[in-house]
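Structure record follows, encoded as structure tokens.
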Amino acid sequence: METRDVLNNQQVHSPETQKVTRLVDYLLRLATLRTKLIRDIAEYERVLWISNVPHERECFTQAWGRDEEHEQDEWLEVQNRREPELPTVPAQCKDWVSLSSLRNKSGLPELLPVITRQIPNHDWVDESDQPETIPYTERLEERPEIQRAWDRYVEDKWLPWTEEHNLWEEVHKVYSALFAIHQEQLRLGEEYELVLGLGLLVWQTPTGQRVRRHLIVADAILEFEARLGKFTVRPHTEGAKLRPELDMLDIAEQPAHAEESAKAALGAAEDDPWEKGRVEDVLQALVHSIDSQGDYDDSLEAKNSRASAKPVVEYAPALILRKRSAKGLTETLKRIKEQIENGEVIPGEFADLAEIGPKDGREPSDDPEEGNAVFDGEIFFPKPSNDEQRRIVDKMRAASGVLVQGPPGTGKSHTIANLICHLLATGQRTLITAKTPRALQVLEGLVPDELRPLCINLLGSGLEERRSLESSVGGILRKNEEWNDDRAKRERTELEERLRKLREEKARVNRRLRDIRESETHTQSIAEGAYRGTAARIAEAVNRDRADYRWFTDSVPFDKTCQIDIIELQNVLVALRLFTPDKRRELGFAWPEAMPSSERFANLVGNELGFAE
Numbered sequence: 001m002e003t004r005d006v007l008n009n010q011q012v013h014s015p016e017t018q019k020v021t022r023l024v025d026y027l028l029r030l031a032t033l034r035t036k037l038i039r040d041i042a043e044y045e046r047v048l049w050i051s052n053v054p055h056e057r058e059c060f061t062q063a064w065g066r067d068e069e070h071e072q073d074e075w076l077e078v079q080n081r082r083e084p085e086l087p088t089v090p091a092q093c094k095d096w097v098s099l100s101s102l103r104n105k106s107g108l109p110e111l112l113p114v115i116t117r118q119i120p121n122h123d124w125v126d127e128s129d130q131p132e133t134i135p136y137t138e139r140l141e142e143r144p145e146i147q148r149a150w151d152r153y154v155e156d157k158w159l160p161w162t163e164e165h166n167l168w169e170e171v172h173k174v175y176s177a178l179f180a181i182h183q184e185q186l187r188l189g190e191e192y193e194l195v196l197g198l199g200l201l202v203w204q205t206p207t208g209q210r211v212r213r214h215l216i217v218a219d220a221i222l223e224f225e226a227r228l229g230k231f232t233v234r235p236h237t238e239g240a241k242l243r244p245e246l247d248m249l250d251i252a253e254q255p256a257h258a259e260e261s262a263k264a265a266l267g268a269a270e271d272d273p274w275e276k277g278r279v280e281d282v283l284q285a286l287v288h289s290i291d292s293q294g295d296y297d298d299s300l301e302a303k304n305s306r307a308s309a310k311p312v313v314e315y316a317p318a319l320i321l322r323k324r325s326a327k328g329l330t331e332t333l334k335r336i337k338e339q340i341e342n343g344e345v346i347p348g349e350f351a352d353l354a355e356i357g358p359k360d361g362r363e364p365s366d367d368p369e370e371g372n373a374v375f376d377g378e379i380f381f382p383k384p385s386n387d388e389q390r391r392i393v394d395k396m397r398a399a400s401g402v403l404v405q406g407p408p409g410t411g412k413s414h415t416i417a418n419l420i421c422h423l424l425a426t427g428q429r430t431l432i433t434a435k436t437p438r439a440l441q442v443l444e445g446l447v448p449d450e451l452r453p454l455c456i457n458l459l460g461s462g463l464e465e466r467r468s469l470e471s472s473v474g475g476i477l478r479k480n481e482e483w484n485d486d487r488a489k490r491e492r493t494e495l496e497e498r499l500r501k502l503r504e505e506k507a508r509v510n511r512r513l514r515d516i517r518e519s520e521t522h523t524q525s526i527a528e529g530a531y532r533g534t535a536a537r538i539a540e541a542v543n544r545d546r547a548d549y550r551w552f553t554d555s556v557p558f559d560k561t562c563q564i565d566i567i568e569l570q571n572v573l574v575a576l577r578l579f580t581p582d583k584r585r586e587l588g589f590a591w592p593e594a595m596p597s598s599e600r601f602a603n604l605v606g607n608e609l610g611f612a613e
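Rendered as structure tokens:
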């Protein structure tokens with residue numbers, strides 16, 4: 001026992017272990033520096049106070065109490081409805097009112113006391129200098145029937161419309177706030193989180209810090225049904241994780257062991273933030289632990305906006321969109337540091353990050369699944385690839401990590417899709433993560449259809465993403481149930497044979513291409529040396545001479561030489577040049593296809609002589 005303790009002590013104080021510890025300390029300080037401490041809820045990206053949800057048929061929240069028509073995990077539901085249309089103004093009143101003033105609900109709309117309209121000019125005739133219309137002024141006091149019609153319109157139609165429109169406006173205001181949160185989530189991705197806050201602490205601390213934050217939070221997701229125009233807030237798919245938060249207080253101002261006690265007490269709520277009795281007990285305990293003058297108010301509405309020396313906690317639930325804190329990262333790093341100090345084995349990947357790992361960057365794996373990986377030199381890329389992409393596979397075999405970087409549009413997603421297929425084909429599991437769901441959606445579209453059922457997709461935390469996850473898991477289970485070893489071996493053999501034949505065909509094509517390229521560099525001589533050079537050079541020369549020899553239309557075999565001596569040809573050329581124009585025209589005559597008989601020719605000559613006489 002003492003020997004093992006001595007060995008662990010030596011390992012903890014070794015230079016390699018100290019180097020890893022310094023790296024963890026650096027990462028801890030970096031995470032702390034990059035985390036902005038929020039003390040006021042107003043500094044968060046979006047905040048929706050549950051007290052602003054109107055008691056209308058389109059809305060529901062668990063803050064009002066349990067409801068049999070809504071499930072327990074429906075924390076908030078808001079459905080949009082059509083905006084009430086402005087009632088039509090009476091025809092005789094249209095000229096006396098501004099339509100824009102009708103939407104001003106701060107006071108009763110009134111008619112204009114005087115209007116001017118254009119009326120026909122009775123003195124106007126065609127081609128006269130008189131205007132066709134002239135202005136005519138009317139006064140409301142002279143038209144009592146207009147005022148009576150307007151009063152009836154306001155009383156019977158406009159006032160009921162304002163009441164209905166105000167109700168719609170309250171619902172729409174909450175709906176618009178949820179819509180803005182939904183859009184921000186899509187834009188910001190997993191870097192931000194949605195939480196439900198309970199127990200708003202309003203306090204000016206002894207050190208002068210103004211605090212206005214919730215003491216208890218729970219993770220939430222926002223689902224949007226576009227067809228119905230309905231938003232629903234539910235607990236996160238991984239659980240609400242109901243927990244206290246005291247990070248807005250300085251360490252000296254945080255009650256001793258209060259956070260641990262609050263966590264234990266919240267366990268009785270069974271991760272349900274709407275167990276109001278349990279939650280309020282924790283809130284009261286926290287505010288009384290913070291200061292002897294602490295007070296609790298169970299109001300749904302946040303009434304205290306100004307902080308004072310007396311801490312006040314209000315129930316005041318709110319939906320908050322905020323940047324995800326680094327608390328999870330810091331806690332993980334602290335656990336890593338504790339494990340290192342306890343002498344546990346440092347994983348090869350982390351040792352490699354600290355530059356203390358093996359030179360080849362790899363270490364033997366204890367994972368039995370990794371032992372099942374099969375790689376016989378074959379690269380299973382279903383999509384087109386180049387040498388750089390195939391070289392990544394070789395580097396992955398020799399190192400624990402490979403960094404592939406490049407500007408947008410250089411094919412990184414295409415490469416990742418190929419690597420996913422190769423790793424799956426060689427029996428390896430792969431985890432693909434990204435900062436935003438958009439990148440994963442693009443990557444999902446690049447994975448071949450045949451392999452998508454083997455991938456578990458979780459591109460977000462909404463209802464649609466949860467259904468996609470269930471579908472992915474169901475597809476894998478079906479594949480497992482339908483698996484047949486004999487059929488799989490037979491199909492594999494057929495595919496390997498097909499691949500072998502395709503490779504042979506590819507080799508033949510490559511040889512043919514190589515022969516063609518070699519022929520392009522081979523020097524040739526044709527036409528008794530008239531043309532010399534490579535095939536391409538000879539083709540260019542023949543093409544240049546085409547116009548000069550176009551007159552020669554005879555078809556001469558390539559392997560035949562001219563049977564006439566060149567001197568004889570030159571003599572013929574000289575004789576041709578001496579031909580008269582008449583002789584040249586005569587040579588241009590076409591030779592008849594058939595000659596007439598001697599009797600026929602004699603008759604033709606006789607006829608011609610007879611005509612001449």
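For the record, in the sequence shown the residue sitting at position 270 is 270 according to our numbering, with numbers rising by one throughout. Don't be surprised by glycine CBs; every beta carbon is placed ideally from N, CA and C. None of the values given here were measured: they were computed from a predicted structure.
Straight across, the Cα-Cα distance linking Asn543 with Arg550 is about 11 angstroms. Each residue's CA atom was taken as its position, placing Val202 and Ser292 some 15 angstroms apart. Counting every other CB atom within 10 Å of its CB across the protein chains shown gives Gly239 a total below 16, marking it as exposed. Its Cα nearest to that of Arg46, the residue Val174 stands out among Val154, Val174, Asn104.
Only residues of its own chain outside the window of five on either side were considered, and among them Val24, Leu27, Leu28, Ala31 have a CB closer than 8 angstroms to the CB of Leu333, listed in chain order.
Residue nearest to Ser51 within the set Lys303, Ala527, Ser471, Ser128 is Lys303 (criterion: CA-CA distance). A Cβ-Cβ distance of about 7 angstroms is found for the pair Leu196 and Trp75, placing them in contact under the 8 angstroms criterion. Looking at Gln18, Leu33, Arg22, Glu275, the one whose alpha-carbon comes closest to that of Ala326 is Leu33. Counting along the chain, the unbroken beta strand (DSSP E) around Arg139 starts and ends at 133–139. Just so you know, the alpha carbons of Ser299 and Pro15 end up roughly 58 angstroms apart. According to the DSSP assignment, Trp64 belongs to no beta strand (DSSP E), since it is labelled neither H nor E. A direct Cα-Cα distance of roughly 45 angstroms separates Pro317 from Pro407. His414 is positioned such that its CB atom lies no closer than 7 angstroms to that of Phe380.
A distance below 8 angstroms between beta-carbons, with the five flanking residues on each side excluded, links Glu83 to the following residues of its chain, in chain order: His165, Trp168, His172.
If you draw a straight line from the Cα of Val211 to the Cα of Tyr296, it is about 15 angstroms long. Rounded to whole angstroms, Ala417 and Phe350 show a C-alpha spacing of 26 angstroms.
Around the beta-carbon of Phe231, 16 or more other beta-carbon atoms lie within 10 Å, marking it buried. Exposed is the label assigned to Tyr136, since fewer than 16 other Cβ atoms lie within 10 Å of its Cβ. Around the CB of Ile564, fewer than 16 other CB atoms lie within 10 Å, so the residue is classed as exposed. In this structure, Val282 lies away from Ala258, with their beta-carbon atoms at least 7 angstroms apart.
Contact between the stretch 269–277 and the stretch 241–256 is present: three or more C-beta pairs spanning the two stretches fall below 8 angstroms. With the rule of 3 Cβ pairs closer than 8 angstroms, the stretch 64–78 does not count as touching the stretch 117–128. Taking all protein chains in view, the Cβ of Ser100 is surrounded by fewer than 16 other Cβ atoms within 10 Å, so the residue is classified as exposed. Contact annotation: Pro255 and Ser305 have beta-carbon atoms that are not nearer than 7 angstroms. With respect to the 7 angstroms criterion, Leu48 and Ala177 are classified as neighbours on the basis of their beta carbons. Looking at the backbone, the Cα of Glu260 and that of Glu491 are separated by about 59 angstroms. The DSSP-derived three-state label of Gln130 is coil. Residue environment: Ala218 is assigned as buried (16 or more neighbouring CB atoms within 10 Å of its CB, all protein chains considered). Runs of the alpha helix (DSSP H) spanning 4 or more residues and lying entirely within the stretch 301–357 occur at 327–341, 348–353, in chain order.
When DSSP assignments are scanned along the stretch 374–421, the uninterrupted stretches of alpha helix (DSSP H) that are 4 or more residues long and fall wholly within it turn out to be 387–398. Bounds of the beta strand (DSSP E) holding Val195 are 192–204. DSSP lists Phe231 as the beta-bridge partner residues of Phe224. Of Pro448, Ala594, Thr433, Gln405, the smallest CA-CA separation from Leu424 is found for Pro448. When secondary structure is reduced to three states using DSSP, Leu215 falls in the strand class.
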